[in-house]
Each structure stands twice: as C-alpha cells, then as structure tokens.
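Remarks on the structure that follows.
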Amino acid sequence: NDIALIKLSRPALLNDQVELGCVPPAGQILPNDYPCYITGWGRLTTGGNLPDVLQQALMPVVDHKTCTQRDWWGPSIKTTMVCAGGDIRAGCNGDSGGPLNCRAADGTWHVHGIASFVSGLGCNALKKPTVFTRVSAFNDWIDNIIRNN
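Numbering (the numbering used here), first residue to last: 2 to 150.
Now the structure itself:
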C-alpha cells in the first residue's frame, strides 16, 4: 500500500497555491473516463528533463476491468489501486506521491489517487496507464490515524 500521512509541526498557511485536500467517500470507485487531473514535478518525457514549473494534465480514469486485462497491467493491479491516463498523457518518473484530483458533482475537489508507478517501458507506454493508490480504499486507516494523533 503506497500511502502515507504526515503530521505538520504547525498549521499550513492556505493560499492560492496551498489548499486542503478532501478525501473521497469511503469505497468510492469512479467510472471509466471520469475526468481527473494529475499534478507533479516528474519528467516531461521518458528520460527527459524535469520541469521548471508544476505540471498538470487531464488523466481520465481507466476502470479496473480494463486496467487488469492481460495485455494492460494484468493482475498486478489490486482493488486498492486506480488507473488513469494512457498513451497520450501519463505520469512519469518524479510524479510519485503526487495527487490525482477529481471534481465531485457538487464542485468539490477530492484526492482520489496518489501516484504510485508507471511502466518500465516508458512514461506513455501503450495500455499502461499511470497507477495510483486509491485513497477511498483507505478511509478507515486515514480516520484512525487522524483520530489517534
């Protein structure tokens, strides 16, 4: 499980570049092609340069049924993961730990994923979308950590 929480020594100063992240409802699984966005400081292309500014890209969800097909990621994708993007837009080396943000029907943004891994074949490999830890699979764990700290 590629997930962590950190406890800040003092409250974060919220501004136009620092905001609170909402946790999605427990167990929520987004449908295929649901529009989400990755942000990160990862490489711009396989083996390429690191960006000078924070990057953002539309990364539609790839449903579990598709992502676990043998010619996609296969059984390495667990139910605690969510796939997004594809061979046009994908995360790359250096994006790990970054968010997959998705807007709910009420307009609130939720952190649905935490970037976990990309294909060793390259950042935009065919049938190898970016794999994220699915935050909604860990609501009980998150609640327990917060409650006890």
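Cβ coordinates follow ideal geometry from the N, Cα and C atoms, glycine included.
In this text, all values refer to a predicted model and were calculated from it rather than measured experimentally.
Starting from the Cα of C93, find the closest Cα among R135, C103, A58 and give me that residue.
Comparing Cα-Cα distances from C93 to each of R135, C103, A58, the minimum goes to A58.
Please name the residue, chosen from F139, A138, S117, that lies closest to K129 on a Cα-to-Cα basis.
Checked all of F139, A138, S117; the closest Cα to K129 is S117.
Grab the span of the alpha helix (DSSP H) containing C93 for me, first residue to last.
Neither: C93 is in no alpha helix (DSSP H) and is coded neither H nor E.
First through last residue of the alpha helix (DSSP H) which encompasses W110
Careful: W110 lies outside any alpha helix (DSSP H), inside the beta strand (DSSP E) at 110-118.
Which value, in whole angstroms, describes the spacing of the CA atoms of L14 and D141?
The alpha-carbon separation between L14 and D141 amounts to approximately 27 Å.
According to DSSP, residues forming a beta bridge with Q29:
The beta-bridge partner set that DSSP reports for Q29 is empty.
Excluding five sequence neighbours on each side, which residues of the same chain lie with their C-beta closer than 8 Å to the C-beta of A27?
S137, N140, D141.
If we count Cβ pairs, one from each stretch, closer than 8 Å, do we get three or more for the segment 77-90 versus the segment 29-40?
With a cut-off of 8 Å, the segment 29-40 and the segment 77-90 count as touching, because enough Cβ pairs lie within range.
Taking 7 Å as the cut-off, decide whether the C-beta atoms of H113 and P32 are in contact.
No, they are not a contact pair.
Candidates H65, G86, I115: closest to L6 by CA position
Ranked by how close their Cα comes to the Cα of L6, the residues H65, G86, I115 have I115 in first place.
Relative to the C-alpha of S77, which candidate in T134, D107, T109, T47 has its C-alpha closest?
Closest by alpha carbon: T134.
Ordered along the chain, which non-local residues of its own chain (more than five positions away) have a Cβ less than 7 Å from that of L51?
W42, R44, G95, listed in sequence order.
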